[in-house]
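Note sheet for the following structure.
Take a look at the structure:
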């Protein structure tokens, strides 16, 4: 005779439930192992890094390094002071250069106005005035020089102070020319 097992459908489901539980437990175990593994890995790395930090801090706090740090700070302070002096000197230098009234361009411009019969004895600058003392073979050359200098763009006015005839040199004239410079600060 045949036996009837009325619980057979329930026994198959129970096997499926046990299979699902094993699957869930396996996945849970893998996840827990992963979390614990990363925790252990990170803890070990943190420990190693903290040891290196301690080693570097002890190296930095050593007397030799502290002495070198103090020396470097002293040198940096001296360098800062020197840089401030350099900046101040650069300002002074640029101020002096901007007030430089006799430049090569000024002398070249004056030289371009010289007639061939004139020689300079001295050229002096005082503030915004230019004084020229010279010798000429003719009086007309002195007048030509005055006219040419007045036409320069850097000269406001040019006046001949006096003209003297030198007896020692045959027919030569000495003269004083006073000029007012237009803009002393320009080069």
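Numbering (this note's numbering), first residue to last: 14 to 200.
Yeah, the Cβ is synthetic: ideal placement off N, Cα and C, and Gly gets one too.
Being a predicted model, the structure only gives us computed values, none of them experimental.
Is DSSP giving residue i helix, strand or coil here?
i: residue 177; result: strand
i: residue 167; result: coil
i: residue 150; result: coil
i: residue 46; result: helix
i: residue 17; result: coil
i: residue 68; result: helix
i: residue 143; result: strand
i: residue 126; result: coil
i: residue 75; result: coil
i: residue 191; result: strand
i: residue 31; result: helix
i: residue 159; result: helix
i: residue 138; result: strand
Would you call residue i buried or exposed, if buried means 16 or more other Cβ atoms sit within 10 Å of its Cβ?
i: residue 17; result: exposed
i: residue 107; result: exposed
i: residue 147; result: buried
i: residue 158; result: buried
i: residue 203; result: Missing from the structure shown is residue 203; the chain here goes from 14 to 200 and no further.
i: residue 36; result: exposed
i: residue 135; result: exposed
i: residue 59; result: exposed
i: residue 95; result: exposed
i: residue 131; result: buried
i: residue 88; result: exposed
i: residue 120; result: exposed
Just confirm the distance between the C-beta atoms of residue i and residue j, as a whole number of angstroms; I'd bet it's less than 8 Å.
i: residue 168; j: residue 176; result: The Cβ separation is near 19 Å, so there is no contact.
i: residue 141; j: residue 194; result: 5 Å
i: residue 155; j: residue 133; result: In fact, because the Cβ distance is near 12 Å, the residues do not count as touching under 8 Å.
i: residue 72; j: residue 78; result: 7 Å
i: residue 150; j: residue 172; result: The pair is not a contact, with the Cβ atoms about 21 Å apart (cut-off 8 Å).
Could you name the residues that DSSP lists as bridge partners for residue i?
i: residue 132; result: 148
i: residue 185; result: 179
Once the 5 residues before and after residue i are set aside, which same chain residues still bring their CB inside 6 Å of it?
i: residue 178; result: 186
i: residue 126; result: 161 and 162
i: residue 137; result: 144
With 9 Å set as the bound, which would you pick, yes or no: does the beta-carbon of residue i sit closer than that to a beta-carbon of chain B?
i: residue 150; result: Among the chains of the structure shown, chain B does not appear; only one protein chain is present.
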